[in-house]
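Written out below as structure tokens is the structure these notes cover.
There are 2 protein chains.
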Amino acid sequence: MSSIRELARRCGVSVATVSRVFNTPEVVSQQTRQLVLGMAAEIGYLPNESARTLATKKSNMVGLVWDTDHRRPGWRHPFLQDILVALKGALSAHGLHLLMLAPDPGAGPGDPRRFLRAVQRHNVDGVVIIDNGSRDPAVLALADAEVPCVALDLRFTGPTCTYITSDNAGGGRLAAAHLIERGHRHIATITGPAGNWPAAQRLAGFREALTEAGIPLADGDVVTGDFYLDSGHAAMTRLLERDPRPTAVFAAGDEMAVGAIKAIREAGLRVPDDVAVIGFDDIEVAALVPPGLTTVTQDKTGFGTAAAESLMAMLAGTATPPEPTTLPTTLILRGST
Amino acid sequence: MSSIRELARRCGVSVATVSRVFNTPEVVSQQTRQLVLGMAAEIGYLPNESARTLATKKSNMVGLVWDTDHRRPGWRHPFLQDILVALKGALSAHGLHLLMLAPDPGAGPGDPRRFLRAVQRHNVDGVVIIDNGSRDPAVLALADAEVPCVALDLRFTGPTCTYITSDNAGGGRLAAAHLIERGHRHIATITGPAGNWPAAQRLAGFREALTEAGIPLADGDVVTGDFYLDSGHAAMTRLLERDPRPTAVFAAGDEMAVGAIKAIREAGLRVPDDVAVIGFDDIEVAALVPPGLTTVTQDKTGFGTAAAESLMAMLAGTATPPEPTTLPTTLILRGST
DNA sequence: CGGTTTCATGTAACCGATTACATCAGATGA
DNA sequence: TCATCTGATGTAATCGGTTACATGAAACCG
Numbered sequence: 001m002s003s004i005r006e007l008a009r010r011c012g013v014s015v016a017t018v019s020r021v022f023n024t025p026e027v028v029s030q031q032t033r034q035l036v037l038g039m040a041a042e043i044g045y046l047p048n049e050s051a052r053t054l055a056t057k058k059s060n061m062v063g064l065v066w067d068t069d070h071r072r073p074g075w076r077h078p079f080l081q082d083i084l085v086a087l088k089g090a091l092s093a094h095g096l097h098l099l100m101l102a103p104d105p106g107a108g109p110g111d112p113r114r115f116l117r118a119v120q121r122h123n124v125d126g127v128v129i130i131d132n133g134s135r136d137p138a139v140l141a142l143a144d145a146e147v148p149c150v151a152l153d154l155r156f157t158g159p160t161c162t163y164i165t166s167d168n169a170g171g172g173r174l175a176a177a178h179l180i181e182r183g184h185r186h187i188a189t190i191t192g193p194a195g196n197w198p199a200a201q202r203l204a205g206f207r208e209a210l211t212e213a214g215i216p217l218a219d220g221d222v223v224t225g226d227f228y229l230d231s232g233h234a235a236m237t238r239l240l241e242r243d244p245r246p247t248a249v250f251a252a253g254d255e256m257a258v259g260a261i262k263a264i265r266e267a268g269l270r271v272p273d274d275v276a277v278i279g280f281d282d283i284e285v286a287a288l289v290p291p292g293l294t295t296v297t298q299d300k301t302g303f304g305t306a307a308a309e310s311l312m313a314m315l316a317g318t319a320t321p322p323e324p325t326t327l328p329t330t331l332i333l334r335g336s337t
Numbered sequence: 338m339s340s341i342r343e344l345a346r347r348c349g350v351s352v353a354t355v356s357r358v359f360n361t362p363e364v365v366s367q368q369t370r371q372l373v374l375g376m377a378a379e380i381g382y383l384p385n386e387s388a389r390t391l392a393t394k395k396s397n398m399v400g401l402v403w404d405t406d407h408r409r410p411g412w413r414h415p416f417l418q419d420i421l422v423a424l425k426g427a428l429s430a431h432g433l434h435l436l437m438l439a440p441d442p443g444a445g446p447g448d449p450r451r452f453l454r455a456v457q458r459h460n461v462d463g464v465v466i467i468d469n470g471s472r473d474p475a476v477l478a479l480a481d482a483e484v485p486c487v488a489l490d491l492r493f494t495g496p497t498c499t500y501i502t503s504d505n506a507g508g509g510r511l512a513a514a515h516l517i518e519r520g521h522r523h524i525a526t527i528t529g530p531a532g533n534w535p536a537a538q539r540l541a542g543f544r545e546a547l548t549e550a551g552i553p554l555a556d557g558d559v560v561t562g563d564f565y566l567d568s569g570h571a572a573m574t575r576l577l578e579r580d581p582r583p584t585a586v587f588a589a590g591d592e593m594a595v596g597a598i599k600a601i602r603e604a605g606l607r608v609p610d611d612v613a614v615i616g617f618d619d620i621e622v623a624a625l626v627p628p629g630l631t632t633v634t635q636d637k638t639g640f641g642t643a644a645a646e647s648l649m650a651m652l653a654g655t656a657t658p659p660e661p662t663t664l665p666t667t668l669i670l671r672g673s674t
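Protein chains in written order, with the working numbering: chain P, 1 to 337; chain Z, 338 to 674.
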């Protein structure tokens, strides 16, 4: 691998000049520039990023902390793929690479500093956190990183931190309003795990809209799930035992909604005639599962692009981190309501 | 940020000793080791990875080249998420980080060296390529990287290269055998784009099994799709116009199979009674779309773990790259056949 | 007891870049 | 004509580690 010194020697110039050709080409003469670039192409010279990072303390890498919950092997964020595609695209456009960090081996598996340490060792210019509400201490510890941080789907603040979330409360309101408009007066909901902020917001918005419409929400009509399919099935089964039975259900996640539909079918009832179902997320299956799941969609691509933008703003050196971004949610009408 | 020299000074030892404490602790005395570790914890010292990489030429980073097809914004690999989860998990276990590389900005958008250059600049210890048969020159150029490379779902050979694929031919055979066993004698297929190797293998295995069973496959019963839903719908629509109409269809991808089911339904026919459908991939929707899609499943997690293992083998310094891995495919019976 | 090992540690070169500062030739201007 | 400015380039310190080699003390051994 040819170094800058080798290239400088071959060109008969100093290393400083070569460096300038690549970093501040405008200060070097046309003639020298072409000489160096030509020779660089000839011998296949490429600057070594580690050396540049060492010298400049800028790595052009953004750390990605993700999938931190080792206790749950099936952990997944519903939009991981969409977010990654958008995030990588947006960062690439700025010449930034995305480093998916392994926990620091020097810290034990339970050490809350295992990601912070990994971040600090690698001179990343910023960090993106993808979580879904686990509130893992190892994630929260990242607020201490003296580096711009953007968290997705997680309230996350700090002197150099901001976050992106969907308008979950608004989405919950949309769902309630839609069901009310469809004439339902007894509406149940399957919410997410206690302590999960997006789930709580969805429930809050939903409840608010019901209250405004003068529709009561009994405690027994609020059942907790864990966002996965089976929990939706189980929750719905319980709801169907209620007397009177709710005529509509708002599930705080599409997977749970699909599970609910399954349970309704198994009980010999029809969707939406006997029980209407509305979900949240608009995952791929929503469009494909019959009768088509009406749902509240999140701007999946927006997560990635907004994260990149917030990060770029902080990298540009604003004194205070950008305000948290709230992505709009919208209703997608399909057959289940 | 405290440096190794700072730490050495505070401990009253040389930088070499500090370095040894972290890299070859067995050669330094118990006493000194504890002194250094204690002080390191106290002042929060962490070694700088860029500096280590510069000195050792090992970065503990694996480059990930992915989503190279800029012409198709919706590009996606059916298993990207599963692969990433497994890959990251397996690499993390070995202390390796995954660097999702942006194309080198110094190369134009169409430059076939844009990924190779990014790889070379970053001192990555290895490269993983996720492709789905685009045969992008920028991907093929990576064979010249003097670094271990593992490609997923792509035949990719070279002095330091190997690849992981599913047993696509075997899967095609499984699909055919299953339909034959179900009594079908007129079976059509929706294949992938010309030049797509996995698709070609699936077709080959499928065709082979039919031939062995003495069942003809007319040219008109082979229709080409592009792996996406709409193409499956369109292909099936054409197949339904055939006279006689096939009684079963093998789609080389689940999304196309779902599209096919949709087309069959829209034509007023039933699945599987009028036309049976079998897919390939076992994506999430397969289980959820009624009547449940019978399909050939790939070992999604296996892609990630096998890639990590092949990579580790090459990093361990074997003279020749490991043989390509062929992951077994198996049949998943559901309601569509 | 002198010589050889062994163990712990130190010295200093090196990895490949960036960059503050110095230099120097030629152009400018009074 | 000489001082001054400008533009292009060079010198050398620096970033934060690793590691070959040197050193010196203690242990071992015939």
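Beta carbons: idealized from backbone N, C-alpha and C, even for Gly. If you're wondering where the values come from, they're calculated on a predicted model, not measured in any experiment.
CA nearest to the CA of S503/Z, picked from F587/Z, P474/Z, T354/Z, A537/Z | A537/Z
For G63/P: DSSP bridge partner residues = L99/P, V127/P
For V352/Z, the first and last residue of its enclosing alpha helix (DSSP H) = 352-360
Could you work out which residues of chain Z lie near L101/P, taking near to mean beta carbons separated by less than 7 Å?
-> H434
Nearest-angstrom beta carbon gap, L331/P and H97/P [assumed within contact, 8 Å] = Between L331/P and H97/P the Cβ distance is about 37 Å, and since that is not below 8 Å, they are no contact.
Interfacial residues, the segment 365-394 of chain Z to chain P, with Cβ spacing under 8 Å = L383, P384, N385, E386, S387, A388, T390, L391
With burial defined as no fewer than 16 other Cβ atoms inside 10 Å of the residue's Cβ, what is the status of A643/Z: buried or exposed?
-> buried
Spell out whether any CB of chain Z is found under 7 Å from the CB atom of R117/P.
-> yes
With 16 other Cβ atoms within 10 Å as the buried cut-off, status of H117/P | For the record, residue 117/P in the displayed sequence is Arg; it is not His. Answer is buried; the Cβ neighbour count reaches 16.
If L46/P sits next to R458/Z, beta carbons under 8 Å apart, how far is it from one beta carbon to the other, in whole angstroms?
-> 5 Å
Are the CB atoms of N460/Z and T526/Z nearer to each other than 7 Å?
-> no
Proximal chain P residues relative to S396/Z, where beta-carbon distance stays under 8 Å = S50
Going by beta carbon distance, what residues of the same chain come within less than 8 Å of R408/Z, once the five residues before and after it are set aside?
-> Confidence is the limiting factor: at R408/Z the pLDDT is only 48, short of 50, which leaves the residue's position unreliable, though a coordinate-based value still follows. If we look at R408/Z and ignore the five residues flanking it on each side, it has no Cβ neighbours.
Under three-state DSSP, which class holds V476/Z?
-> helix
Inter-residue spacing [alpha-carbon to alpha-carbon] between P653/Z and R20/P = Contrary to the premise, residue 653/Z reads as Ala rather than Pro in this sequence. If you take the alpha carbons of A653/Z and R20/P, they lie about 38 Å apart.
State yes or no: is the C-beta of G432/Z within less than 7 Å of the C-beta of P105/P?
-> yes
Among residues of its own chain, excluding the 5 on either side of G400/Z, which ones have a beta-carbon nearer than 6 Å to its beta-carbon?
-> L436, L438, V456, V461, V464
Which parts of the segment 227-287 of chain P are runs of the beta strand (DSSP E), unbroken and 3 residues or longer, counting only runs that do not cross its ends?
-> 248-251, 276-281
Take the Cβ of P246/P as the centre, count every other Cβ of all protein chains shown within 10 Å, and call the residue buried at 16 or more, exposed below.
-> buried
Measure the alpha-carbon distance for I164/P versus I215/P and round it to whole angstroms.
-> 32 Å
The beta strand (DSSP E) enclosing S166/P, as first and last residue numbers | 161-166
Measuring only between beta-carbons, confirm whether K88/P sits less than 7 Å from chain Z.
-> yes
Closest by C-alpha distance to G220/P, when choosing among D230/P, A308/P, T237/P = T237/P
Which same chain residues, not among the five before or five after K300/P, have their C-beta less than 6 Å away from its C-beta?
-> F79, D82
Taking the alpha-carbon positions, what's the G302/P to V150/P distance?
-> 13 Å
Mind the definition here: the segment 128-140 of chain P touches the segment 283-299 of chain P only if three or more C-beta pairs lie below 8 Å; say whether that holds.
-> no
For the segment 440-469 of chain Z, enumerate the residues whose C-beta is nearer than 9 Å to any C-beta of chain P, in chain order.
-> P440, D441, P442, G443, R454, A455, Q457, R458, H459, N460
Would you mind telling me which residues of chain Z sit closer than 7 Å to P290/P, beta carbon to beta carbon, in chain order?
-> P627
Who are the neighbours of L428/Z on chain P, taking C-beta pairs under 7 Å?
-> A102
For V422/Z and G171/P, the rounded distance between their alpha carbons = 29 Å
Could you check the C-alpha separation between L648/Z and P148/P for me, to the nearest Å?
-> 32 Å
Beta-carbon contacts of W403/Z that lie in its chain and below 7 Å, excluding the five residues immediately before and after = M437, I467
Contacts of V285/P in chain Z (Cβ-Cβ under 8 Å) | E621, V622, L625, V626
Flag this pair as yes or no: are the beta carbons of T632/Z and D611/Z separated by less than 7 Å?
-> no
Using a Cβ cut-off of 7 Å (strictly closer), state whether V15/P contacts chain Z.
-> no
Indicate whether at least one CB of chain Z lies closer than 7 Å to the CB of L80/P.
-> yes
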